[in-house]
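Asker: Questions regarding the structure given below will be posed in turn.
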Amino acid sequence: MKPLSGIYRIALKLLMNDKSKFTALLVGITFAVFLMVMMMSMFSGILARSCAPVYNIGAKIWVMDPAVNNTNSSIPMPDYILSASRSIPGVKYAVPLYFGSALIKLRDGTYQAATVVGLDDATLFGRPEMIEGKIEDIFAENAFLVVKDAEFPKLKNPKIGTEFEINDNRATVVGIARAASSGLFGVPTLYTTYNRAITYIPSARFTTSYVLIEPKSEADIVGIQQAIAKLGYEALTREQFVRKVSNFYTFKTGVGMNIMMMTAISFVVGLSISGQTFYTFILENIGKFGAMKAIGAKGNELIAMILAQAFVTSLIGYGLGVGAASTFIIIAKWRIPDYAAQLTYPTLGLALVMVMIIAGFSSYIGVRKVLQIQPFDIFRG
Amino acid sequence: MGEAAIIKASNLVKWFGEGEARTVAVKQVSFEASYGEMLYIVGPSGSGKTTLLSIISGILRPNEGSVTVENQDIWRMNDDELADLRLNKIGFVFQDYHLFPRLTTVENVAIPLILKKMEWNGAMKLAREYLDIVGLKDRAELQPVKLSGGEQQRVAIARAIAGKPDILIFDEPTASLDGDTGRKIVEFVKSNILNEKRAIIIVTHDSRIYEYADRIMKMEDGRIVGYETNHFNEK
C-alpha cells in the first residue's frame, strides 16, 4: 500500500496533535451527524410504520376513495365497486378488505383501542403469518387472530382461547400471528373475516374499506387503474399507495416539516461548530501557513492540506455520529418496543452529503484565509 | 564584490499605497551578494530592510527593477516557479521562527523535504541529520515549545538548510534571543552553515553581531547609504 503522501501526513498531524481543536471539531461534527441521522431515522421509521398495513396485506393494487390519504382513514365504498373491479379486463381476482378501529373490552373490564382487519371470507387474501394456531380457525365462531407485535402486551398478552368483547360481541383468540411491520398509532391489531368484522363493528351504509386486486400481469395495471378511475375511485399500486401515505405524513401533518426543520437545525449546528472551530484553527496557524508559503509551498499544496484536514475530520465525525445513532436506536428498540426509527441507506447517504457540505464549508473558509496570507506578512510580523 | 554574484538586484523600487497615501519603501536600490559571503542589511526601523529582503527572496514583487538569482530573473517567473525557486534555492529563518508547535522538531525540519516530495521516512532520516548538524539530535521528538529560544532558532536553521539552499535569509535572527545566545547562533552559522557555495543575508539592527559580517550594507529611508567591510573576517 502506498504510504500517505507526506504533505497530507503533516496536515493531519497539525490538526490531530492540536487535541482540543480536534476534539471540538469531532464533537461538533459527531453531534451534528448524530442529530441528523436520528431525525431522519425517526422520520423513516414513522413513514415505514404509517405504511405498515400496505406492506402487511401485500396486495398489488389497492382500490380506494380518492380522498383517502392514509391507511387508517379509509372511506367505505359501495359494494358495486367490488363487482365492477372483478369485471375489469386484466383482473385476476378482486377481494374486499375491511380496515377499521374498534374498542375492545378486556376481561378485567378495561378498554383498549385496536385496529381490526377483516379479510375476504373466501380467500383470506392478506392473511398474516401464523405463530400459534391455524389460519382456518378464523372461520370458527367469534374467532379473531391477534398480531404479536410491540402492542401485543396492551391486550394483556392474550393466549389462544382468551376472550374479550368487541361492541358487546364475544371475541375469542384462535391464533397468534406475526406481521412484517408494526403500525404507527400504538394500538394492537386483530384479524378476522370480512363478514365478522362488518357485523361486530358498527359501520356506515357502505362497508368496504378497500378492494384488493391481483392483476393478471403487470401490463394490465394501467388499464385497471383507468377503469377504476372511470368509476370515480382510485386504484394505486402498492408503491403508489406507500408514496401517497408518505407524502401525506411528510407534507400535510407537520411531522415531516418539523423533522426536516430539526434536521436542518442539526445541520446548521454542525456547520457552525465545525466552521468556527476550523476557522480558529486556521487563524492560530496562519503565520505557519504563511511561513510554509515562504519556504516554497504552492497554493494547491496548502489547499490539499486544508481539504485533507477538513474531510478526514468530517469522515471520522460521520463514522462516530452514525455509530452513536445506531447504538442509540438499538438500545431504544431493545428498551422501548414502540420506538419507531430505522437507519436506512438513503439516510446514511443524505447524512454523508450534509457532512461533506460541512467539510466543504469549513475548508472553504480555511482555504480563503490561507490563500490570502502573503509570505511578506510573515516578515513584517 | 568581485567574486561571483549569486544575487544581483538592480534599481529596485517598491511602494505601497496609491496617491497621497503612497509610501516608497525601497528607492532605486542596487546591490549584489556573492557566494561564500555573509552580508548584513542593517538600518533603523522603516528603512526598507525587510521589504528589500522580501523582494530579493521572491516573496514581494517590486514595482521597478529586477532581481537575478544565479542569472535567472526571478520576477519574470510565475507564482509556482517562484515557489519552486524559494523551495530549492532559498532558505528562510524567520524572526519568530514560525515552527509548527504541534509537530515535533524533526517533523518541522523535514517540511522543506516533504515539500520536495521526499518520502516520509527518508525525509525524517535526513531531517535528523540536519538536527545533528545544529546540535539538537537528542531533541528530535520534542515539540518546539519545549525548547529554549536558542534551540528553536537552531531548529529553524536546520529547517532552512534542509532543502540545501544556495541562499540563506535571516530576518532579525537575534531579536528574540539574549545577547550571548544571539552571538553564539550567528557564530555557529558563520562557522558551520556558510560555505563557498552559499550566501547568507542577514537583516538585523543588532550591532552586537556585526563582527561576524563579511560586509554590512546600511539602509536609510529606502536607500543604501553605505557599505562597511569587516576586515577581521576577510578570507
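Line order of the protein sequences matches chains A and B. If you count the first sequence from 1, position 363 lands on 362 in numbering that gives the first Met the number 0, and the numbers rise without skipping. If you count the second sequence from 1, position 230 lands on 229 in numbering that gives the first Met the number 0, and the numbers rise without skipping. We put the CB at the ideal spot given by N, CA and C, even for glycine. This one's a predicted model, so the numbers in the text were calculated from it and none came from an experiment.
1. Who does residue 23 of chain B pair with in a DSSP beta bridge?
2. Let's see if you can read the secondary structure: which residues bound the beta strand (DSSP E) around residue 178 of chain B?
3. Should residue 297 of chain A be flagged as near chain B, meaning a C-beta pair shorter than 7 Å?
4. Taking 7 Å as the CB-CB cut-off, is residue 176 of chain B touching chain D?
5. Cα-Cα, which of B:54, B:42, B:151 and B:210 is closest to residue 223 of chain B?
6. For a quick check, are the C-beta atoms of residue 223 of chain A and residue 89 of chain A less than 7 Å apart?
7. In or out: residue 352 of chain A buried (at least 16 other Cβ within 10 Å) or exposed?
8. Hey, would you say residue 136 of chain A sits closer than 7 Å to residue 174 of chain A, going by beta carbons?
9. Counting only beta-carbon separations shorter than 7 Å, does residue 12 of chain A have a partner in chain B?
10. Using a C-beta cutoff of 7 Å, does residue 12 of chain B count as contacting chain A?
11. Assuming residue 138 of chain A and residue 170 of chain A are in contact, meaning their beta carbons sit under 8 Å apart, how far apart are those beta carbons, in whole angstroms?
12. Output needed in chain order: residues of the stretch 277 to 294 of chain A with a Cβ under 8 Å from some Cβ in chain B.
13. Distance cutoff 7 Å, beta carbons only. Does residue 148 of chain A sit that close to anything in chain B?
14. Measuring CB atoms only, is the stretch 231 to 245 of chain A touching the stretch 48 to 56 of chain A, in the sense that at least three cross pairs come out at less than 8 Å?
15. Could you tell me how far apart the beta carbons of residue 261 of chain A and residue 10 of chain A are, in whole angstroms, since I believe they sit closer than 8 Å?
16. Return helix, strand or coil for residue 131 of chain A, following the three-state DSSP convention.
17. Please confirm if residue 236 of chain B has its CB atom under 7 Å from at least one CB of chain A.
18. With a threshold of 8 Å, are at least 3 pairs of Cβ atoms found where one atom belongs to the stretch 294 to 302 of chain A and the other to the stretch 78 to 92 of chain B?
19. For the candidate residues A:122, A:357, A:185 and A:203, whose alpha-carbon lies nearest to that of residue 56 of chain A?
20. Please classify residue 17 of chain A: does DSSP put it in a helix, a strand, or coil?
21. Which value, in whole angstroms, describes the spacing of the CA atoms of residue 159 of chain A and residue 131 of chain A?
22. Considering only their Cβ atoms, is the gap separating residue 190 of chain A from residue 63 of chain A smaller than 7 Å?
23. Starting from residue 102 of chain A, follow its DSSP beta bridges and name the residues at the other end.
24. Any contact between the stretch 352 to 372 of chain A and the stretch 307 to 326 of chain A? By contact I mean 3 or more CB pairs, one from each, below 8 Å.
25. Find the residues of chain A that neighbour residue 114 of chain B, judging by a C-beta separation of less than 8 Å, and give them in chain order.
Answerer: Once the coordinates are examined:
1. According to DSSP, which records beta bridges pairwise, residue 23 of chain B is partnered with B:14.
2. Residue 178 of chain B -> not in any beta strand (DSSP E); alpha helix (DSSP H) instead, spanning 178 to 187.
3. yes
4. Absent from the structure is chain D; the protein chains it does hold are A and B.
5. B:42
6. yes
7. exposed
8. yes
9. yes
10. No, no contact with chain A.
11. 14 Å between Cβ atoms; not a contact.
12. 284, 286, 287, 289, 290, 291, 292, 293 and 294
13. no
14. yes
15. No, residue 261 of chain A and residue 10 of chain A are not in contact; Cβ-Cβ is about 34 Å, not under 8 Å.
16. strand
17. No information on residue 236 of chain B is available, as it lies outside the stretch 0 to 234 that chain B covers here.
18. yes
19. A:122
20. coil
21. 8 Å
22. A distance of 7 Å or more separates the beta carbons of residue 63 of chain A and residue 190 of chain A.
23. A:112
24. In this structure the stretch 352 to 372 of chain A lies against the stretch 307 to 326 of chain A, because at least three pairs of beta carbons, one per stretch, are closer than 8 Å.
25. 6, 291, 294, 295, 296 and 300
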